[in-house]
Structure formats: C-alpha cells, structure tokens
Amino acid sequence: MLIHFRFFLEEFEDDCEFGLEALMYLAVGRRLLEGDEELACLFHEYLLNLNFFISLLVQHSNQFGFEQFQKITSSNLRNYSEESYRRQFLQLIGDIGRETRYIEGRFSPKDSVGGIGILLKKIIDGWNSSRTCVSHECQLALIGHFIKRKDTEAPFFQYRFQSYYSNLEKRVKAFAVFHKESKVSDLFLKNNVSIVGVDAAGSEFDTPPFVFAPFFRELRRQGVSHFTFHAGEDSYSIISGLRAIYEAIEFCELKRGDRIGHASAAGMNPDQYYEKNSPLPIVEYLDDLVFLYAFIVEHKIDALYSQIPQLAEKIHRACFKIYEKDYPIPCLIDAWKLRKYHPLLVFSETQPPEDAFFYNEEEYITCQILCHYTTEEKCHNTVFEIFASYHDMNNRKRLRNIFEYSNNLLTSESIRNIQKAILKVMHSREIVIETLPTSNIMIGPYSSISDYHLWTWLRWEQEGNCIPPIVLGTDDPGIFSTNIQTEYARLYCHMVYEMNYPHKEAISILSRFENNARIYQFAEHS
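Dropping the structure here:
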C-alpha cells in the first residue's frame, strides 16, 4: 500500500500541501488504530474546522440558489486556493487526465491588453505545470468570460446600464486586440493554447442580453467565431427565462454552433416550478407579454393563437401603467427589438456616434429606419418615444415599486408549447444547449436530480419533438466541487440505478453528448 501511495504522491510532487496533508492522515490513522483518544479528539476538532472553512469555499448539497453561489464567488476567500492554476487544471482533469483531449476554460478579460497578457501568462504557466497528468495531445482552449453586473443609476445617466456599457466597451476592445495578437503569439502557439470564444454569464436579474448584444456582434466582426450566452437559468418566471433565451439568440445574433448555457426554462415543469402568483416588476411583466405576442405570431404557433386577444388586452393595460399612453402593439414590439442596438446609436440624431466600435453602417441605417425621424419629427416618433421612455431615469424611478403578478399569463400546457417552440428554433439554427447538471441542481429550484429538466428533453425527443444538440459542462468546477467526469458519472448512475435505463441505452445517450462535444467544441478551425 505504501508503494502505491508513494507512486500516487509522485504525480503531485509540486503540491506540497497535498502531500503533507495525505501523510498527516496516514500518521493520524496509525495512532488512532493504537487507541490514542486524545489525538482522536484533536483530529475531530481539526476536521470540524476544516469542514467549516470548506463551506465558505464550496457550495454544499444543502445550499441552494444563485444568491448563495454569488456569496461564494464575490468573497475573496477563494483567492488563495485558486492562486495556482495548476490546482484548477488538476481538478478539471480529474481521474481521466490521460484520456482528456480538449479543455475549455474561462477567464475574465481585463480592461487592458497588458492586463489580459499577465493573467493568461499565469494561466498558461499553470497549464504547463499540470501537463504531466494529461495527454501530450491535450489542447487548452480559453474563452473570454464577461460577467453580468447590476445596473447603477445616476441623475445624469441617459440610458440603462450606461456605466456597464462603458466598462464592457473597454474590456471588449482590449479582448479583441489581444485575441488577434494571440494567433501569432509564441506563448500560445508553443503551448498548444488558443483563445476560441466569448461567453456572458451571471445572475439574469443583473444584466439582460441586450446589453451584451452590440459587443457580441462587434467581436464577431473582429474575428471571434464562437459565443455562449447563459440564459434561462434563474429568472422571475419560466416565461421570463424563455424570453431571456430568445433575446440572447436574437439580439446577440447567435449562429450555428454557438451555445445557450443552462436553458433550464426550456424544460422546467410549469406545474412544479411555475409560481402562479409570483410578483415581478411591471416593466418585466410587459416585456414578457410583448415577447409572447411576438413569438406566437412570428413563429406561427397555431395552438396558441387563441391566446392573442387576452395577451393584447394585458399588453394595453400594462403599457398604460408604464407609459401613461396606449401604444400600438407593433410599435411596442419594434421598440423591444430596438434594444439590441447600443443606446448611443439609437439616440444619435443626424450623425452616428464618434466611436464606431460597437456598430457598423448597416446597424446605423437600420436604427434610422426603425426610428425614421428627423430633428423636427423625433419627438413624434412612436417607436423612439417608447425606447426613450424605457431608458428614462425619472420613469424608472416612478416604476421601481410597481409590480404585477404572472398568474394566468399562460396555462401550463401553453408554456409547454412555448418551450417546445423555443427548442425548435434552436434546433433549426443548430444552436447548442450547454447543460450543467450539478450547477443547475444546486442553483435552480430542483429538489434532486430526479427533477432535472434534461429528462424532459430526452422524453420529448423520443416523442418526435425537435431538440437542439446538447453538450455537458461543469460551470464553475471549483465552487461546485466537480469535473466533467463527475458530471457524466452522475447522469449515468441516475439513469441506470434510479430511472432503470438499460446500460447500453444510458451509454448511448452519454456517448451522443460526448460526440456533440467533439463536433461543437469551440476550436479555431471549427
């Protein structure tokens, strides 16, 4: 046994802390076998303290929700444990390092090219120090990870998220420059590392998709090929989550092979998780209604056409409460879609903004057509008027404490129809779902893996419904104490031992997920 243990330690020879900890456990275990009760008490106290500290670093199985997750991510307690990227790579690799061929890791871009370079040099150094545990052919792919943030308000702000738009612009510009430089950089080429894409993640209550939309489109123009937007994970209601998925696809103009992270709202059981009387801000309530109306009409969902008159009545009532005017529904839909463009572009009158980074000429012309105003006509244009009121600071303050209830927006059966229609849109455009089992179960409303929405998608697919390609991911492996091997094993064990799937069928499904991962990996050549 000691020979095996010594061999095991050699794999982790740089991790002195791990080796010392393991040796201590062996030494203590020997003393305990000899009946040392005093040491047993001290060791018990040590384990209690260790467990308490770990509870501040890792989300436990009895801790649920996005707020709990953010408490852990926003504290600085993980800084020491994550100082060495080698440790993070070893966790990602798990027990199948020699079988690992491709790893996608996320990093948060700094607001300068130099800052990004310093960060990625540390990451690549950590990657190199872990290479003894992985196949030499294994490639590391890096994804720029932009984190959603809450809106801040100031009397002089002209539009929502004004401060965050500026923050994003700096970081996106730096990322775009560094992304181009990395393609010819010796640091990346010699180490078989590449920057392959961008994603946006974080609380959906903080930042909606439209804020990222102009920057995602610009990054695509700058040569970035792959995008993920985390949406439909945690929202006011299932309908709000479905709207977030649709807005991410439409506003950010996701293409074939791009991904929606989570997409939980497209599979949740409305009877189980849809709160019939959950309050939501009235602006969100109207947005949900406008989305439903537009989606049903544009995608010709025949089974829901009977809902249109009721939706129209609710839209008019909510519209009057918000804008103190009764705007035509087509204008409300156009104003909602106009949000995909940077507010500075929409608010520009006869000249486009000086900074052309976040738009191109086609987008400028589109905004002019949608608003079709001249200096004299501007205040009379309905679509622009709705857009301006949505961003107006005084109007936002007035509406801050006004809520509506999502009860009876749609029946559970109708919500199921919308879910299937969203999935059909994703399937037709070949937009991939990145499903994250441990993350979804610990953050979402599920009581256990038995309630996980993935089983619904598999059932619908068997029934002949269109389901987009699905890949498995880990989300934040450090906080959820997981890796990709664990995610596959967790699904397999539940399918075979709890759902009574035949072994071959379970393996077939998981093999399909793995094959999807190969097909839709964010590689430079794909």
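Residue 655 in this note's numbering sits at position 465 of the sequence shown, with consecutive numbering throughout.
Every residue gets a Cβ at the ideal spot worked out from N, C-alpha and C, and that includes glycine.
Fair warning: this is a prediction, and the values are worked out from it, not measured in the lab.
Could you tell me which of N266, T322, Q497 sits nearest to V248, measuring between CA atoms?
N266
Taking K311 as the reference, which of M632, S579, L332, S640 has the closest Cα?
L332
Check whether the stretch 440–460 and the stretch 620–635 are in contact - that is, three or more C-beta pairs closer than 8 Å.
yes
Measuring CB to CB, does V218 end up less than 8 Å from L210?
no
The alpha helix (DSSP H) enclosing A364, as first and last residue numbers:
352–372
Does the stretch 300–315 come close enough to the stretch 366–375 to have 3 or more Cβ pairs within less than 8 Å?
Contact check between the stretch 300–315 and the stretch 366–375: three or more CB pairs, one atom from each, fall below 8 Å, which counts as touching.
Which one of L599, P542, E553, R529 has the shortest CA to CA distance from G575?
Before going further, note that residue 575 is Glu rather than Gly in the sequence given. Selected option, being the one with the closest Cα: R529.
Would you please state the rounded distance, in angstroms, between the beta carbons of F297 and H335? I believe it to be under 8 Å.
6 Å
Please classify Q711: is it buried, with 16 or more other beta-carbons within 10 angstroms of its beta-carbon, or exposed?
buried
Among P299, P543, I314, which has the Cα closest to the Cα of R277?
I314
Once the 5 residues before and after F198 are set aside, which same chain residues still bring their CB inside 6 Å of it?
Bear in mind that the predicted position of F198 carries a pLDDT of just 46, short of 50, making it unreliable; the figure below should be weighed with that in mind. Here F198 has no same chain residue with a Cβ atom under 6 Å from its own Cβ, once five neighbours each way along the sequence are excluded.
May I ask you to report which of helix, strand or coil DSSP gives T672?
Three-state DSSP puts T672 in coil, outside helix and strand.
As a quick exercise: from K360, V362, R361, G387, pick the residue whose alpha carbon is nearest that of K373.
G387
State yes or no: is the C-beta of Q260 within less than 8 Å of the C-beta of G457?
no
Length at least 4, wholly inside the stretch 389–450: the alpha helix (DSSP H) runs in chain order
399–411, 428–441
Starting from the Cα of P659, find the closest Cα among T342, I555, H684, N705 and give me that residue.
N705
For the beta strand (DSSP E) holding L332, just list the boundary residues, first then last.
329–337
Quick check: the Cα distance between S496 and F400, rounded to an integer number of angstroms?
30 Å
With a 10 Å radius around its C-beta and 16 neighbouring C-beta atoms as the bar for buried, classify D516 as buried or exposed.
exposed
Pair every Cβ in the stretch 578–591 with every Cβ in the stretch 485–505, then say whether three or more of these pairs are closer than 8 Å.
no
Measure from the alpha carbon of T572 to the alpha carbon of each residue in D524, C442, R588, D545, then state which is nearest.
D524
DSSP puts V147 in a beta bridge; with which residues?
Outside the displayed range of the chain (191 to 716) lies residue 147, so it cannot be described from this structure.
By how many angstroms is the C-alpha of D376 removed from the C-alpha of Y463?
51 Å
Determine the burial state of D461: buried for a count of at least 16 other Cβ atoms within 10 Å of its Cβ, exposed for fewer.
exposed
Taking just the CA atoms, how far does D666 sit from E551?
39 Å
Could you please give the first and the last residue of the uninterrupted alpha helix (DSSP H) stretch that includes T556?
551–561
Taking a contact to mean a Cβ-Cβ separation below 8 Å, would you say C328 touches Y292 in this structure?
Taking the C-beta atoms as reference points, Y292 is found nearer than 8 Å to C328.
For the pair the stretch 381–395 and the stretch 417–435, tell me if three or more CB-CB distances fall below 8 Å.
yes
Can you name, in chain order, every residue of its own chain whose Cβ lies under 8 Å from the Cβ of S415, other than the five neighbours on each side?
V386, G387, F712, E714, S716
Rounded to whole angstroms, what's the CA-CA distance from E594 to L470? Just pull it up for me.
6 Å
Rounded to a whole number of angstroms, what is the C-alpha to C-alpha distance between I337 and S353?
14 Å
CA-to-CA distance, Y691 to S698, given in whole angstroms
Take the alpha-carbon of S698 and the one of Y691: they are about 11 Å apart.
Counted within 10 angstroms of its Cβ, other Cβ atoms place T717 as buried (16 or more) or exposed:
The requested residue 717 is not part of the displayed model; the chain covers only 191 to 716.
Specify the secondary structure class of F703 as computed by DSSP and reduced to three states.
helix
So S604 and L432 are in contact, right, with Cβ under 8 Å, and what is the actual spacing, rounded?
Not confirmed; about 12 Å, so no contact.
Element boundaries [alpha helix (DSSP H), containing Y475]
472–488
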